[in-house]
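Structure first, commentary second.
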Amino acid sequence: MAKHKRATIPAVELMDMNKWYGEYHALKNINLTVTPGERVVICGPSGSGKSTLIRCINRLEEHQGGQIIVDGIELNDNLKHINQVRQEVGMVFQHFNLYPHLTVLENCTLAPMCVRKQSKDVATANAMKFLERVKISEQAGKYPSQLSGGQQQRVAIARTLAMGPKTILFDEPTSALDPEMIKEVLDVMVSLVDESITMICVTHEMGFAKRVADRVIFMDAGEIIEEGSPDTFFNSPKSLRTQQFLNQILGH
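The numbering used here puts the sequence shown at residues -4 to 247.
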């Protein structure tokens, strides 16, 4: 009898994935499977490989060993595969990465028009919907330099949403913000939980992890040291290194 195909293809699958910078072994035998709609928070000390890991997921960084499969498509040197993955995997960067010469609205319509081939009217209506979603639609005609950091990051999230991605990668989205601006960005990210979008977020915001994550992953020295549900991770971590990190970051 024929075997049944898996009902659900993983959103992201990393198998024995390795990454080097010259002789420096940045990521060591990473194995990770993220299911569609899952919300994963990755934490760890600076230099642990967190950002490198998620940048490999949309080929902003090239891995040298193992496999990365995103929504059934293997990431390798095939440019068609890379472009397919990038169409479905959005990324929100630490420093916003908005185009300074374009207005907020133009930042949000450029990719849908160029990549998704949407008409200007459709792209504009869609962009305004998401700018409203992140509570910044009144700034649509301004340029990034006229906005606060928190506002720019909300625009960056709206720009990502306008592409209709299946997965969004967040690379320390609040670390470049002043403390009073962090909450406004985190509130927007929390509001995305109701969507069916897969979220993989590198962050030190442990309150966000406790509130939103389905799973928390701790990395150190290029390896996944521990992972589990927020309750298990924060209340009964198994690894001494995880315990030390949590004591330091939570001030226990």
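Cβ atoms here follow ideal geometry from the backbone N, Cα and C, with glycine treated the same way. Small disclaimer: the values here were computed from a predicted structure and weren't measured.
Query	Result
Contact belief for P160 with E83 at Cβ below 8 Å, rounded distance in angstroms	6 Å
Beta-bridge partners of D166, as assigned by DSSP	V197
Beta-carbon gap between G144 and M176 smaller than 7 Å	yes
Collapsed DSSP secondary structure at I52 in the structure displayed	helix
Whole-angstrom distance between C51 and T92, CA atom to CA atom	According to the sequence as given, residue 92 is Asn; it is not Thr. Straight-line Cα distance between these residues: approximately 18 Å.
Contact the stretch 96 to 105 vs the stretch 172 to 191: 3+ CB pairs below 8 Å	no
Between the CA atoms of H199 and G246 - distance to the nearest angstrom	13 Å
V110, buried or exposed, once every other Cβ within 10 Å from all chains shown has been counted against 16	exposed
Buried or exposed by the 16-neighbour rule on C-beta atoms within 10 Å, applied to P174	exposed
Cβ contact (3+ pairs, closer than 8 Å) linking the stretch 207 to 215 and the stretch 148 to 156	no
Backbone CA spacing between H58 and V185 [nearest angstrom]	31 Å
Boundaries (first-last residue) of the alpha helix (DSSP H) holding A120	K115 to R128
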